[in-house]
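Participant: One structure is given below, represented as structure tokens, and several questions about it will come after.
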Amino acid sequence: MTRKVNILRAIRESERNGYWFILPYVIFFLLFVAYPLVFSFILIFHRWNIVTPMEWVGMKNFQRLASDPQFFRAMFNTFVFLLIHIPLQIAVALGFSLLLYSRGMFRGFFRAVYFLPVVVSGVVVTILWQNLYSFDSGVLNSLLSIVGIRKIPWLIDPGLAMPSIAIMATWKNVGIYIVLFLVGLQNIPKEIYESASLDGADKYSQFFKITLPMLNSTMVLIVALSTIGGFSLFIEPYVLTGGGPMQSTMSGMLYIYNQAFYFGHMGYAAALGFVFALVILAVVLLQRKVVEAEPS
Amino acid sequence: MITLFRKSTIGLLLLVCLSACSERRDSSAPHDAAAITLTYWPAPNPEEIQLADSIVKMWNRMHPLIQVRMQPIPVSQSTEEVLLAAIAGKTTPDVCSNINPVALREYTQAGGLVALDKFSDFDSIAAARIPKDLLPIFKNSNGHFYQMPWKTNPVMMFYNIGMLKAAGVENVPRTYSEYYAAAKKVTRDTDNDGQFDIWMGERDIRPIWWERLFDVYPFYIGATNGETLFKNDSVAFQNVDAEKVFGFFQHCYDKGYFPRTFFQGGDPFLLEKKATHFAGPWEIATLSKFAPNIHFDVAPLPVPDDHQGPVYTSGDYKNIAIFSTSEHPKEAWEFVKFLVTAEHDLLMLEITNQVPVRGDLLTNPLYARYFSKNPMMVKFAEQAVHTRGMDTVADLKEIFDAISQEYEICAVYGRKTPAEAVGDAARRCRAIMEWNQ
Numbered sequence: 001m002t003r004k005v006n007i008l009r010a011i012r013e014s015e016r017n018g019y020w021f022i023l024p025y026v027i028f029f030l031l032f033v034a035y036p037l038v039f040s041f042i043l044i045f046h047r048w049n050i051v052t053p054m055e056w057v058g059m060k061n062f063q064r065l066a067s068d069p070q071f072f073r074a075m076f077n078t079f080v081f082l083l084i085h086i087p088l089q090i091a092v093a094l095g096f097s098l099l100l101y102s103r104g105m106f107r108g109f110f111r112a113v114y115f116l117p118v119v120v121s122g123v124v125v126t127i128l129w130q131n132l133y134s135f136d137s138g139v140l141n142s143l144l145s146i147v148g149i150r151k152i153p154w155l156i157d158p159g160l161a162m163p164s165i166a167i168m169a170t171w172k173n174v175g176i177y178i179v180l181f182l183v184g185l186q187n188i189p190k191e192i193y194e195s196a197s198l199d200g201a202d203k204y205s206q207f208f209k210i211t212l213p214m215l216n217s218t219m220v221l222i223v224a225l226s227t228i229g230g231f232s233l234f235i236e237p238y239v240l241t242g243g244g245p246m247q248s249t250m251s252g253m254l255y256i257y258n259q260a261f262y263f264g265h266m267g268y269a270a271a272l273g274f275v276f277a278l279v280i281l282a283v284v285l286l287q288r289k290v291v292e293a294e295p296s
Numbered sequence: 297m298i299t300l301f302r303k304s305t306i307g308l309l310l311l312v313c314l315s316a317c318s319e320r321r322d323s324s325a326p327h328d329a330a331a332i333t334l335t336y337w338p339a340p341n342p343e344e345i346q347l348a349d350s351i352v353k354m355w356n357r358m359h360p361l362i363q364v365r366m367q368p369i370p371v372s373q374s375t376e377e378v379l380l381a382a383i384a385g386k387t388t389p390d391v392c393s394n395i396n397p398v399a400l401r402e403y404t405q406a407g408g409l410v411a412l413d414k415f416s417d418f419d420s421i422a423a424a425r426i427p428k429d430l431l432p433i434f435k436n437s438n439g440h441f442y443q444m445p446w447k448t449n450p451v452m453m454f455y456n457i458g459m460l461k462a463a464g465v466e467n468v469p470r471t472y473s474e475y476y477a478a479a480k481k482v483t484r485d486t487d488n489d490g491q492f493d494i495w496m497g498e499r500d501i502r503p504i505w506w507e508r509l510f511d512v513y514p515f516y517i518g519a520t521n522g523e524t525l526f527k528n529d530s531v532a533f534q535n536v537d538a539e540k541v542f543g544f545f546q547h548c549y550d551k552g553y554f555p556r557t558f559f560q561g562g563d564p565f566l567l568e569k570k571a572t573h574f575a576g577p578w579e580i581a582t583l584s585k586f587a588p589n590i591h592f593d594v595a596p597l598p599v600p601d602d603h604q605g606p607v608y609t610s611g612d613y614k615n616i617a618i619f620s621t622s623e624h625p626k627e628a629w630e631f632v633k634f635l636v637t638a639e640h641d642l643l644m645l646e647i648t649n650q651v652p653v654r655g656d657l658l659t660n661p662l663y664a665r666y667f668s669k670n671p672m673m674v675k676f677a678e679q680a681v682h683t684r685g686m687d688t689v690a691d692l693k694e695i696f697d698a699i700s701q702e703y704e705i706c707a708v709y710g711r712k713t714p715a716e717a718v719g720d721a722a723r724r725c726r727a728i729m730e731w732n733q
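As given, the protein sequences belong to chains A and B, one line each in that order.
Numbered by this note's numbering, the letters in the first sequence go through residues 1 to 296 in order.
Numbered by this note's numbering, the letters in the second sequence go through residues 297 to 733 in order.
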């Protein structure tokens, strides 16, 4: 009996130590995740501009949202960005990972080079691309002028601005997806390729019948990650275009930011953020269902 | 020897610690523990800091018992953000001299400002300094004055004399038609690449709300003979004059007189890539410093062809206010009066090249010497009488953002007619005002 009590006390003591160990994270979580979440949920039903006292408005923020064409335009722009960005990201990442996976020279060097933009600050990358895309003094237009081609209004033409941002975002993030694809490729057993070769399958068939299906789970992860990342498109339009031209690069996140910190509509921005989070969840679940349903 | 070294080291460390702990005093800091201390925030640009420093030093010498500590407004994206954050955190200064009337409603709604007309001598001070017809525009909708009008930067048209002459333009354009005629001569492709590289004018085409304070807004005031966008807190700009303004810019972009781009390779006026530029008097110092060889002058903004009378423009006012957190509002008011004396207005002209809001600028002999030395500033002083400020309605930033977007669609990209764009802008502004009521 005494031995049993001692064992229980020892367990409780070890548990106590465990609680001490997780305490810093719990404090961090409560302060920076739980509290803002609860507070923003309360904000949804209020009007508040930080300086004046909070005012209860009930569902008025949602009524405004339902009749706010600017928000729907921002959502549409975000989907346009995703439609360009995700396929481009996957194609480029897969292409480079296949090149790196094949036994080429300087593999390690190239892996590091492709990963470099990922670790560089988003604002720095955006300012760099601002200098590339600039109409009057940009590097790209200077090169085009040398070969006798007219300057392209990369960030000024409403039809070109979002694709230009998507290309930039792809360049910035592709490194991380190359690494993920490389891990996926390394996990495919070599025996499958050997037996396929013996059965007479060429490289083309091997890629479509073995490589792509075997990368399905990696693909699901990459699509989900780039969708969530794409929905949080903010720095690029904020720095490059301010949401223009003609609102063509006003992303959902930028619109929420403007409402909150530019116009001081904290409650409305919280309502927008809530709906935005639901949309992201719905899209990611839908994507997962579609990609997982693909025959492997 | 070792003991001596140890003692010296400890002594040195103590000295360093003591000097680090002691408060740094500047010349404008109070030196009497019993004195009242007021905090004063001027704009954070070097000229205004220099002006504030000079005035505060004089005040502190003359008022040993009411000392003023000058601290430039903390640098941020905008003064308005800093002041709103300070109101929220109750860390506002006693006095600030960079109050933009655009944000005044937000400050007063938050109960952040002291009504200046509660001081018995406000009316006489204001009447002695400010032109009679200008004063009412600074009155809040609740009938009180929360700002002492201080300085104005009338938006006018700078023009490059050499570029206009080289293109064969003899007279400075005064109307839209004259501007188009001049633009047709000036705008050209010098390197034969099929794209214009010299333009009549240029504006930042990005839909940034405050950019409209230097094109649409002053042009609207000019076209309407001094009307502003709102009347009795209601939208009042859905009219033919607003359509004319949108139409003017649409025509300029459509014909290529303005480039449909924003420049990153330097200011095109400094680089002599555009012949006209809409700005306030601060531009004189910039041009003199960075492009001393450019021969330029200023003129009123172009107006519609059928315009009659003087040309009005936007004043881009910055005013003085006392914050309600002040524990010594009476003393703060004394300091405000000290800031706006005739002598300190002269100091403002001399140091900052900005125009004090005074009715007697061109008649008071005190300023005669300055204006004879700076003849271009005479034009700004003349224009200052015909300026308008901002309406004190709520959510002006959001309203200007909506106008900016409609302007961009219509003027820059030509996807809407001026009537459609003005109508849509008015509808959006009404919706914003209704939602935020």
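All C-beta atoms, glycine included, are put in the ideal place defined by N, C-alpha and C.
1. When you compare the CB of B:Glu678 with every CB in chain A, is at least one pair closer than 8 Å?
2. Mind pulling the alpha helix (DSSP H) runs of 4 or more residues that sit fully within the region 482 to 567 of chain B?
3. What is the DSSP secondary structure of B:Glu623, reduced to helix, strand or coil?
4. So what does B:Val651 bridge to, in DSSP terms?
5. Of all the options A:Asn131, A:Ala93, A:Phe28, which has the alpha carbon lying nearest to the alpha carbon of A:Leu215?
6. Considering only residues of the same chain and omitting the five flanking positions on each side of A:Pro158, which have a CB-CB separation below 7 Å?
7. Looking at chain A, which residues of the region 423 to 456 of chain B have a Cβ within less than 9 Å of any of its Cβ atoms?
8. Assuming contact is defined by CB atoms lying nearer than 8 Å, are B:Val689 and B:Phe526 in contact in what I supplied?
9. Throw me the rounded Cβ distance for the A:Trp154 and A:Leu144 pair, which I believe falls under 8 Å.
10. Just the chain A side, please: which residues come within less than 8 Å of B:Ile294 by C-beta, in chain order?
11. Which residues of chain A have a Cβ atom closer than 9 Å to the Cβ of B:Ile504, listed in chain order?
12. State the Cα-Cα distance for the pair B:Asn615 and B:Pro338, rounded to the nearest angstrom.
13. Are there 16 or more other CB atoms within 10 angstroms of the CB of A:His46, so buried, or fewer, so exposed?
14. State the CB to CB distance for the pair B:Val410 and B:Phe619, rounded to an integer number of angstroms; the pair is presumed to be in contact (CB under 8 Å).
15. Taking only three categories from DSSP, how would you classify B:Arg321?
16. Comparing the C-beta of B:Gly561 with each C-beta of chain A, is any distance below 8 Å?
17. Please list, in chain order, the residues of the region 394 to 424 of chain B that have any C-beta partner in chain A closer than 9 Å.
18. For chain B, find out if any of its Cβ atoms is closer than 8 Å to the Cβ of A:Asp136; answer yes or no.
19. Could you tell me which residues DSSP pairs with B:Gln363 in its beta bridges?
20. Can you find the residues in the same chain that come closer than 8 Å, C-beta to C-beta, to B:Ser350, ignoring five residues on each side of it along the sequence?
21. Considering Cα atoms alone, identify which of B:Arg502, B:Pro342, B:Ala722 is closest to B:Val536.
22. Would you mind sorting A:Trp56 into buried or exposed? The rule is 16 or more other CB atoms within 10 Å of its CB.
23. Pull the bridge partners of A:Tyr101 from the DSSP assignment, please.
24. Determine the burial state of A:Met59: buried for a count of at least 16 other Cβ atoms within 10 Å of its Cβ, exposed for fewer.
25. Please classify A:Leu82: is it buried, with 16 or more other beta-carbons within 10 angstroms of its beta-carbon, or exposed?
26. Taking just the CA atoms, how far does A:Val279 sit from A:Thr78?
27. Mind pulling the chain A residues with CB within less than 7 Å of B:Lys693?
28. Between the alpha carbons of B:Gln363 and B:Arg499, how many angstroms are there, rounded?
29. Where A:Val283 and B:Thr335 are concerned, what is the direct C-alpha to C-alpha distance, given to the nearest angstrom?
30. Can you tell me where the alpha helix (DSSP H) holding B:Asp720 begins and where it ends?
31. From this set, A:Ile86, A:Ile176, A:Met75, which residue's C-alpha is nearest A:Arg120's C-alpha?
32. May I have the straight-line CA-CA distance separating B:Trp505 from B:Gln701, to the nearest angstrom?
33. Assign B:Asp429 to one of three DSSP states: helix, strand, or coil.
34. Once DSSP output is grouped into helix, strand and coil, what is the label at B:Lys614?
35. Taking DSSP as the reference, what is the three-state secondary structure of A:Leu233?
36. For A:Trp20, does the count of other Cβ atoms within 10 angstroms reach 16, so buried, or fall short, so exposed?
Facilitator: A quick look at the data gives this:
1. Output row for B:Glu678: interface = no.
2. 512 to 519, 536 to 550
3. coil
4. The bridge partners DSSP lists for B:Val651 are B:Thr448.
5. A:Ala93
6. Pro245, Met246, Ser248
7. none
8. yes
9. About 10 Å separates the two Cβ atoms, so there is no contact after all.
10. With chain B covering 297 to 733 only, the question about residue 294 of chain B has no answer from this structure.
11. Gly242, Gly244
12. Distance between the alpha carbons of B:Asn615 and B:Pro338 is about 10 Å.
13. buried
14. 7 Å
15. For B:Arg321, the predicted model reports a pLDDT of 41, less than 50, meaning its position is unreliable; a value from the coordinates is still stated below. B:Arg321: coil per DSSP, three-state reduction.
16. Cβ-Cβ to chain A under 8 Å: yes for B:Gly561.
17. Correct list: Glu402, Tyr403, Gln405, Ala406, Gly407, Gly408.
18. Chain B has a Cβ within less than 8 Å of the Cβ of A:Asp136.
19. B:Thr333
20. Leu643, Ile647
21. B:Ala722
22. Counting C-beta atoms within 10 angstroms of its own C-beta, A:Trp56 has fewer than 16 neighbours from the protein chains shown and is therefore classed as exposed.
23. The partner list for A:Tyr101 (beta bridge, DSSP) is empty, contrary to what the question assumes.
24. exposed
25. By the 10 Å Cβ count, A:Leu82 comes out buried.
26. 11 Å
27. Tyr262, Phe263
28. 45 Å
29. Straight-line Cα distance between these residues: approximately 53 Å.
30. 714 to 731
31. Note that residue 120 of chain A is Val in the sequence shown here, rather than Arg. From the listed residues A:Ile86, A:Ile176, A:Met75, the smallest Cα separation to A:Val120 is found for A:Ile176.
32. Computed Cα separation, rounded: 8 Å.
33. coil
34. DSSP places B:Lys614 in strand when its eight states are reduced to three.
35. A:Leu233: coil per DSSP, three-state reduction.
36. exposed
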